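238 is the number of the first residue of the sequence shown in the numbering used here; add one for each residue after it. Presented below is the structure to which this report refers.
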Amino acid sequence: AEVAKGIADGRTAAAKARDRRKLAEAKKNLENLINSIPEAKRYLAQNRAALRRLAEVRGTLGLFRFSYYEAFEEQLRPMEISASNDFANPECIFPSQATVTNATYPLARQLLLTINYKNMTDTDLNDFLVQSLSRSQQLAENAALVPLPDDTQATELAWLNGSTEPDIIFYESGSGTTVGTKQQADSASGQ
């Protein structure tokens, strides 16, 4: 009878301790979620108030994060923006997950972690970057940002684990900026 109730199920003490930790973490997450409800309601009320104000004034233009547009898509009309200076044949680009991700929508911004190539061999920094990059898509979604594409994430992780070399921007005297490999950068600098 105890086995049926899950009391004496023969699990190890370590397994039981792990389950207790998971349960405690789940309870903490639930408590945090419950505590965040008033803030979420306040945020929603403020956003609805902003939308009402925009609707009241004819011809009003609002600038919002893409995640905000996605949440209120039915009430907002996005602006198609031309990325060219050709006024006779403008190429208007509509904001979407794809145009924000590939940076063709002119108002898109990127959040970048930039390091010096020489520092990629620093174990602590490399571990931090691998950890950050491995979690980047989930972190972006949690922050209501457009996540990094899978192929870009895989390429950058390959750079960090050393299976491929990243493109490096380096400067050659008199010839300006060049994009190449580490070997090309070393030979240009005489190393």
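C-beta atoms are modelled at their ideal positions from N, C-alpha and C, and glycine is treated no differently. No experiment lies behind these values; they were computed from the predicted model shown.
{"Check": "Could you tell me the alpha carbon to alpha carbon distance between Ser400 and Pro327, rounded to whole angstroms?", "Outcome": "42 Å"}
{"Check": "On the premise that Leu349 lies in contact with Leu370, defined as a C-beta separation below 8 Å, what is that separation, rounded to the nearest angstrom?", "Outcome": "With a Cβ gap of about 12 Å, Leu370 and Leu349 do not count as contacting."}
{"Check": "Which residues does DSSP list as the beta-bridge partners of Ser319?", "Outcome": "Cys329"}
{"Check": "Taking contact to mean at least 3 C-beta pairs separated by less than 8 Å, is the stretch 313-321 in contact with the stretch 339-348?", "Outcome": "yes"}
{"Check": "In terms of residue numbering, what span does the alpha helix (DSSP H) encompassing Glu402 cover?", "Outcome": "From DSSP, Glu402 is part of no alpha helix (DSSP H); its letter is neither H nor E."}
{"Check": "Please check the pair Ser440 and Ala381, which I expect to be a contact at CB under 8 Å, by giving their CB distance rounded to whole angstroms.", "Outcome": "This structure does not reach residue 440, given that the chain is present from 238 up to 428, and the question cannot be answered."}
{"Check": "Quick check on DSSP: helix, strand or coil for Ile274?", "Outcome": "helix"}
{"Check": "Tell me the DSSP secondary structure of Phe365 in three-state form.", "Outcome": "helix"}
{"Check": "Report whether the distance from the Cβ of Thr338 to the nearest heavy atom of the ligand ADP is below 7 Å.", "Outcome": "Inclusion of the ligand ADP in the displayed structure is not the case, the ligand content being empty and no account of it being possible."}
{"Check": "Is Ser373 buried or exposed, if buried means 16 or more other CB atoms sit within 10 Å of its CB?", "Outcome": "buried"}
{"Check": "Please state whether the Cβ-Cβ distance between Met357 and Leu385 is less than 8 Å.", "Outcome": "no"}
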